[in-house]
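*Asks:* Dumping the structure here so I can ask a few things about it.
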Amino acid sequence: METNANDRDLVEVMKRYFAVKAEVEDVRSRLEAARRESGEEIGAFYNPRTNQNHAADIVRSHALKQEMARLMEWAEAWGRQSLAPGEA
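Numbering-wise, the sequence shown is residues 256 to 343 according to my numbering.
Listed below in structure tokens is the structure:
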């Protein structure tokens, strides 16, 4: 199977997607462990304005999730483009 620059770009995007996903899972795991330990309600704990101790991780988690969404949108657009009729 022959690969081109677009295919290699897609592979790099997907590598980044899975790296970000692993980081999200790590941050989420740490945050949830801290939340359980504190006994706080979910809504209060995950509010970066009221939870200064974990605000950086909460904001980071949101930013990483947005990055995952952008990466997946790019991959989906690439998939639609590569399946376009007449480009075989």
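Beta carbons: idealized from backbone N, C-alpha and C, even for Gly.
Checking 8 Å against the spacing of the C-beta atoms, do L200 and V266 come in under that value?
*Replies:* Lying outside 256 to 343, the shown extent of the chain, residue 200 is not represented and no answer is given.
*Asks:* If we ignore side chains and look at the alpha-carbon of each, how far apart do A332 and A310 end up?
*Replies:* Position 77 of the sequence shown holds residue 332. Position 55 of the sequence shown holds residue 310. So the alpha carbons of these two residues sit roughly 33 Å apart.
*Asks:* I need the straight-line Cα distance from W329 to N259, nearest angstrom please.
*Replies:* Within the sequence shown, numbered from 1, the residue matching residue 329 stands at position 74. Within the sequence shown, numbered from 1, the residue matching residue 259 stands at position 4. Each residue's Cα considered, the two are about 17 Å apart.
*Asks:* Beta-carbon within less than 8 Å of A343's beta-carbon, same chain only, minus the 5 sequence neighbours each way: which residues are those?
*Replies:* The residue given as residue 343 occupies position 88 in the sequence shown. Unreliable placement is indicated for A343, whose pLDDT of 47 sits below 50; the coordinate value is still reported in the next sentence. Taken in chain order, the list of residues that qualify is empty.
*Asks:* Between which two residues does the alpha helix (DSSP H) containing R285 stretch?
*Replies:* For the purposes of this step, residue 285 is taken as residue 30 along the sequence shown, with counting starting at 1. Its alpha helix (DSSP H) spans residues 260-293.
*Asks:* Can you tell me whether S316 is buried or exposed? The criterion is at least 16 other CB atoms within 10 Å of its CB, across all chains shown.
*Replies:* In the sequence shown, the residue the question calls residue 316 occupies position 61. Buried.
*Asks:* How many Å lie between F273 and S337 at the Cα?
*Replies:* The residue labelled residue 273 in the question sits at position 18 within the sequence shown. The residue labelled residue 337 in the question sits at position 82 within the sequence shown. Taking the straight line joining both Cα atoms gives about 22 Å.
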